[in-house]
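Input: a single structure, listed below in structure tokens.
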């Protein structure tokens with residue numbers, strides 16, 4: 403097999419759609435690999451590293467297929483059809499003029515629109531976001547690779563105009579009952595969430611749903627908002643908006659460890675008549691102007707009530723496996739950055755420095771946690787929440803090497819995520835449940851397209867230990883390998 407490439411000039415598609423097209427082509431018999439991406443310098447370099455060289459501009463779509471000669475033409479045609487089909491439609495082609503090609507033309511076509519979703523290469527995202535703010539619209543900035551200086555300028559401008567700038571790198575939001583980006587199906591309720599970016603918000607929303615409560619809004623603000631450089635501008639803006647929302651009684655704040663000095667500035671946005679609870683993962687910052695918990699599950703229980711889950715069966719499975727897992731390596735394969743970081747904050751105090759790109763240890767560390775959603779793993783390939791190929795490959799390597807310790811991973815459901823992650827991962831993980839132990843949690847709800855109960859059942863049937871939360875899974879992993 404060898405790479406074949408084609409370029410569709412002057413055409414844009416967002417990254418989620420491009421990932422879906424590539425995944426569909428990869429499923430064809432005779433196709434070894436397929437990458438579909440905008441022709442940015444970073445994407446072209448990533449393709450070259452894979453062995454596919456092509457000339458394109460950031461305004462072009464690149465299709466690269468590694469396949470046997472007899473299926474290349476059909477695979478390319480399928481990709482082009484998918485790119486020109488009307489999203490959610492019958493597959494009829496949409497001509498270049500069928501949809502607006504700029505924020506200004508879109509606003510003309512929909513004058514009542516008050517929010518712009520921006521998912522373009524980072525070098526163009528800032529200008530598009532400024533255009534949306536000029537048009538008086540809130541911004542959902544899915545794009546990453548936006549500089550700190552540009553982020554600060556956008557958020558300062560949004561704050562002055564009373565508008566939200568959600569992002570950059572904002573993966574999840576839910577406004578007026580509509581999910582944006584990667585979003586789970588949750589019931590309406592009385593809890594409003596302000597969260598850094600993606601899977602932290604999803605985990606919190608799903609645990610609230612499991613507790614029998616519900617959500618009013620989810621405002622994502624980007625992972626750097628609570629840094630000293632940004633100063634919590636959009637956290638304050640989001641809190642003020644939820645404070646003014648009559649349907650919201652409780653505010654839940656979710657983030658990786660923020661700058662303590664910035665957290666203290668949030669005091670001015672704390673509503674007098676509503677409760678505020680925070681899940682600042684691994685928090686060691688001391689005093690805060692509201693109740694703070696170090697894990698998401700603890701913060702959710704504090705916010706909406708409920709007892710700690712019964713882990714009797716999971717603990718029994720861990721105890722039964724300890725003969726083959728005690729003192730053995732733990733490997734974490736995470737698709738969610740917030741979830742990987744939460745696991746690290748639980749694992750390292752008990753096991754010492756953890757290696758991998760999510761931990762604080764070096765290459766000599768016994769245990770490792772990988773955040774597969776980081777740029778080093780997503781350049782030129784779909785996000786692991788959308789495409790399982792990278793994780794499946796790594797799991798196959800562990801099986802081949804006879805891994806006899808603990809494998810820890812997350813499974814994230816919802817709109818935008820893989821259609822059947824639990825089912826596909828279960829078959830790959832089954833051999834590792836015999837040589838060691840596999841522990842996971844499924845971030846999802848019964849209303850999600852994948853159905854959380856169905857996904858959990860597939861994993862359990864394969865011998866995987868399924869915990870009720872990511873934090874609970876990490877605690878069980880400690881018990882599995884700790885001497």
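Residue numbers (the numbering used here): 403 to 885.
The C-beta atom is built at its ideal place from N, Cα and C for all residues, glycine as well.
From a predicted model like this one, the values you see are computed outputs, not experimental measurements.
| Check | Outcome |
| --- | --- |
| Member of 467, 691 and 763 whose CA lies at the smallest distance from the CA of residue 454 | 467 |
| Beta-carbon proximity check, residue 681 vs residue 706, cutoff 9 Å | no |
| Residue 769 classed as buried or exposed, judged by whether at least 16 other C-beta atoms fall within 10 angstroms | buried |
| Residue 613 to residue 420 span [Cα, whole Å] | 36 Å |
| Anticipated Cβ contact below 8 Å, residue 810 with residue 874, distance rounded | Contact doesn't hold; Cβ gap of about 11 Å is too wide. |
| Straight-line gap, residue 616 to residue 838 (C-alpha atoms, nearest Å) | 37 Å |
| Residue 471, DSSP secondary structure in three states | helix |
| Identified DSSP bridge partners for residue 377 | Any answer about residue 377 is impossible in this case: the structure gives the chain only from 403 up to 885. |
| Sufficient close CB pairs (3 or more, under 8 Å) joining the segment 562-578 to the segment 532-541 | yes |
| Residues bridged to residue 408 (per DSSP) | 465 |
| Local conformation of residue 593 per DSSP, three classes | strand |
| Identified DSSP bridge partners for residue 842 | 811 and 868 |
| Burial state of residue 595 (16 or more Cβ within 10 Å) | buried |
| Residue 790 and residue 834 closer than 9 Å at C-beta | no |
| Reduced DSSP secondary structure (H/G/I, E/B, other) of residue 426 | helix |
| Close Cβ partners of residue 710 (< 6 Å) along its chain, the five nearest in sequence each way excluded | none |
| CB contact flag (residue 574, residue 618, <9 Å) | no |
| Burial state of residue 529, where buried means 16 or more other Cβ atoms lie within 10 Å | exposed |
| Where residue 586 falls, given that 16 or more other Cβ within 10 Å makes a residue buried | buried |
| Spatial distance of residue 843 from residue 776 (CA atoms) | 20 Å |
| Three-state secondary structure (DSSP) of residue 619 | strand |
| Of the residues 872, 885 and 815, the one placed nearest residue 856, counting alpha carbons only | 815 |
| Beta-carbon gap between residue 362 and residue 723 smaller than 9 Å | Since the displayed the chain opens at 403 and closes at 885, residue 362 lies outside it and no answer follows. |
| Residue 527 versus 545, 479, 501 and 720, residue with shortest Cα-Cα distance | 545 |
| Beta-carbon contacts of residue 801 that lie in its chain and below 7 Å, excluding the five residues immediately before and after | 833 and 834 |
| Secondary structure of residue 414, DSSP reduced to three states | coil |
| Own chain, CB closer than 8 Å to residue 638, minus 5 neighbours either side, in chain order | 561, 667, 668, 670 and 671 |
| Range of the contiguous beta strand (DSSP E) that encloses residue 657 | 652-657 |
| Rounded distance between the beta-carbons of residue 620 and residue 576, thought under 8 Å | 4 Å |
| 8 Å contact criterion, which residue 437 and residue 449 should meet: CB distance rounded | 6 Å |
| Where residue 433 falls: helix, strand or coil (DSSP) | strand |
| Element boundaries [beta strand (DSSP E), containing residue 801] | Premise fails: residue 801 lies in the alpha helix (DSSP H), 791-802, not in any beta strand (DSSP E). |
| The beta strand (DSSP E) enclosing residue 693, as first and last residue numbers | 693-695 |
| Proximity to residue 461 [Cα-Cα], best of 663, 442 and 799 | 442 |
| Exposed unless 16 or more other CB atoms sit within 10 angstroms - verdict on residue 805 | buried |
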